[in-house]
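Numbering (the UniProt record's numbering), first residue to last: 2 to 199.
In what follows, a structure is listed as structure tokens, so that the remarks can point back to it.
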Amino acid sequence: VVQDKSNSVNSSRTMDGSQNKVEANILLLGAENVGKSALTVRFLTRRYIGEYGDIESIYSHTDRIDGREISFNIWDSLHPQNYEVEGYISEKQLQWADGFILVYSICDRASFNVVRQQVQRIRLYKNKLSAPTPIIIVGNKRDLKHRRTVSSEEGRLLALSSDCGFFETSAAETYHGVLLVFHELLDLIREARALKKG
Ligand code: GDP
Ligand code: MG
């Protein structure tokens, strides 16, 4: 069901300007049930459907931003079950991604701890590279205020201390906030590439 929706209303393909084309591999990580699929589907289709199932998939989505063709590859991951290491990320995933979106739920403290571990893992792995790997930390389910157990300050502090971007979102309530996350990450990826070249 989800795959069908990836033929986004928002995508546009053009024949010209292939030299202008930017490609970005974006990997969504985080504990189970935090809204990784909801954020992905929101970005791809602008819609929120509520039930997403346990599907792992890489979606392609082409968009035109500031006159430039952007090709997003979005890997909506499944949190591995029965792993010794909490916040495990495979070597393949680490190599594939140009940028990461680490998602937790503001009403699930354990999911915040998973993100904490995953930030460390990415920072350790990518240590050798000159430019910092772009990461955005996302506290999702912002609409469930009455059930909040992770404060905004904690999220912001983790992001600050690990050189990551930070947003709180509600995939359920708004498209715009979700769009901002992906666009900010794209900006960071392009900055990191410019740094590498220069
Ligand atoms: P994933 O396992 O991280 O991919 O999580 P899902 O995207 O499948 O979402 C898990 C559950 O949380 C689903 O029932 C979603 O409808 C719900 N959910 C996702 N995002 C939000 C949100 O922003 N607010 C609320 N209230 N529920 C959400
Ligand atoms: Mg999912």
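By construction, the Cβ of each residue, glycine as well, lies at the ideal position given by its N, Cα and C atoms.
Residues sharing a beta bridge with residue i, DSSP
i    : result
A25  : F73
T63  : S72
V104 : G31 and V139
Simplified DSSP state of residue i, which is helix, strand or coil
i    : result
E80  : Per the sequence presented here, residue 80 reads as His, with Glu not at that position. Three-state DSSP puts H80 in coil, outside helix and strand.
V2   : Reliability fails at V2, whose pLDDT of 39 lies under 50, so the model's placement of it is uncertain and no value is given.
I190 : helix
G199 : coil
S58  : strand
G166 : strand
R47  : coil
S152 : coil
E52  : coil
L145 : coil
A172 : coil
Alpha helix (DSSP H) segment containing residue i, residue limits
i    : result
V139 : From DSSP, V139 is part of no alpha helix (DSSP H) but of the beta strand (DSSP E) over I136 to N141.
L125 : R110 to Y126
L95  : E92 to W97
Whole-number beta carbon distance between residue j and residue i, since they are thought to touch under 8 Å
i    : j    : result
G156 : I137 : Contact flag wrong, Cβ pair sits at about 11 Å.
L189 : F44  : Going by Cβ atoms, the distance from L189 to F44 rounds to 16 Å, so no, they are not a contact pair.
N74  : I59  : 6 Å
Problem set entry | Any residue whose CB is nearer than 7 Å to a heavy atom belonging to the ligand MG, listed in chain order | K37, S38, Y53, D55, I56, D77 and L79
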